[in-house]
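Remarks on the structure that follows.
In the numbering used here, the protein residues as written are 359 to 783.
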């Protein structure tokens, strides 16, 4: 009997807590977590704060930018003038519960009545406008919270800078916000440091970083939108593909940690590398006369699949995608050349090595292109990269069914001598 109760409890908890997490956080179903092409949505949680929210509003006013504030009802009651100012200056107000409490630890009735509706009533009394957007604390909802969608749209995020901790500082936050931003990002930031797990002075570092980040975003000609003004991104992606993409990205992160893959440039993580030995019994003879032989130290190239996914979503077709990839790789080759010349970890590296489906264009960068030797590895690699094409490209399935002769994995390699000759830093 006890075993049945324990099993039943686990099943209930999985449905009550875990299933909504998978649906909303992993699959992005039923929530807003992206905006339209060329757009970015700045969102701020946990306020209003009497010290930091006015400074943030001054900064947004200075740059003529509209944002969305997900406020706590108890703070809205305490600081109504700040709520009025947020509303008066053209920003969107959303709900973030009455207090910063987890929906997993409350009944559905308490979430709706005590937190969401109560907070919406407070904001409506102050501004005359009722909020219709809701972000639960920590992005956590229980299975019954989906009923809230009748009155509220649930908003999550696609970029979280972890700005609640002051240990990262301005520079690290800026790097996270610049390198992590992609087309249609909904960015999660915090204008208060008073909630559980946050550092009181963390918003000051956020403000310092944001001052610089806004300049970078404007240079990219991004449009800043409130959540209620979004242009819906297209095309819609099937639930099956979204699940596959999420699973792929989990694998990507595990691979990076397991094999110690590191970015070439911390501020531009598109190209990543790891040092390993060349293990093939057959030497690889390059066009400049250099050879890779078994036991040689080489740098293996890897692309950041998270950024590759974003690139695929914005590419018009496969040719456009390949062109953008080649350009980004070209921009980073001088960084690799500099690493090989200056970093002791890369001492005696013979050259760069990679396997790719994008094998038209690397020769113009100095790479020699080789056929992958037939065998089990070639078979597995071909299907692995074809699956990657399906994941990253918006027309991936169609692409796999057409021009299959072009989807053949190739080895690309360039010697250290050739790299330094072409891309001396």
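Yeah, the Cβ is synthetic: ideal placement off N, Cα and C, and Gly gets one too.
With 16 or more other Cβ atoms from the protein chains shown falling within 10 Å of its own Cβ, residue 725 counts as buried. For residue 770, the enclosing beta strand (DSSP E) has its first and last residue at 768 to 773. Counting only the Cα atoms, residue 425 lies some 20 Å from residue 474. Contact annotation: the region 394 to 411 touches the region 438 to 448, with at least three C-beta pairs closer than 8 Å. Take residue 627, set aside five residues on each side of it, and the residues of its chain with a beta-carbon closer than 8 Å to its own are 537, 621, 662 and 665, in chain order.
A residue is called buried when at least 16 other Cβ atoms come within 10 angstroms of its Cβ; residue 567 meets this threshold and is buried.
It is roughly 10 Å from the alpha-carbon of residue 549 to the alpha-carbon of residue 429. Our two residues, residue 395 and residue 542, have alpha carbons roughly 5 Å apart in a direct line. Residue 388 is positioned such that its CB atom lies closer than 8 Å to that of residue 507. Residue 707 is positioned such that its CB atom lies no closer than 8 Å to that of residue 768.
Nearest C-alpha to residue 686 among 651, 415 and 723: 723. By the criterion of at least three beta-carbon pairs nearer than 8 Å, the region 772 to 780 is in contact with the region 692 to 709. Our two residues, residue 703 and residue 633, have alpha carbons roughly 9 Å apart in a direct line. Judged by their CB atoms, residue 547 and residue 564 are nearer to each other than the 8 Å cut-off. Counting the other Cβ atoms within 10 Å of the Cβ of residue 515 gives 16 or more, which makes it buried. Fewer than three beta-carbon pairs drawn from the region 515 to 529 and the region 477 to 489 are found closer than 8 Å, and the two stretches are therefore not classed as touching. The C-beta of residue 709 has 16 or more other C-beta atoms within 10 Å across all chains shown, which makes the residue buried. Under the criterion of beta carbons closer than 8 Å, residue 544 and residue 392 qualify as touching, at roughly 6 Å. Along the length of the region 403 to 428, whole alpha helix (DSSP H) runs at least 4 residues long occupy 410 to 420, reported in chain order. Sequence-distant partners of residue 402 (beyond 5 residues in either direction) whose C-beta falls short of 6 Å from its own C-beta, in its chain, are 427, 547 and 549. Contact annotation: residue 778 and residue 643 have beta-carbon atoms that are not nearer than 8 Å. By the Cβ rule, the region 528 to 537 does not count as touching the region 486 to 503, because fewer than three pairs are nearer than 8 Å.
Out of 572, 513 and 559, the CA that lies nearest to the CA of residue 532 is found in 572. With respect to residue 584, residue 450 sits close: the two C-beta atoms are nearer than 8 Å.
Every beta strand (DSSP E) of 3 residues or more that sits fully in the region 445 to 486 is shown, in chain order, as 450 to 453. Non-local C-beta neighbours of residue 421 in its own chain, meaning closer than 7 Å and more than five positions away in sequence, comprise 572, ordered along the chain. Counting only runs of 3 or more residues that sit fully inside the region 620 to 659, the beta strand (DSSP E) segments are 620 to 623 and 626 to 635, in chain order. Per DSSP, the unbroken beta strand (DSSP E) holding residue 712 starts and ends at 707 to 714. A residue is called buried when at least 16 other Cβ atoms come within 10 angstroms of its Cβ; residue 493 meets this threshold and is buried.
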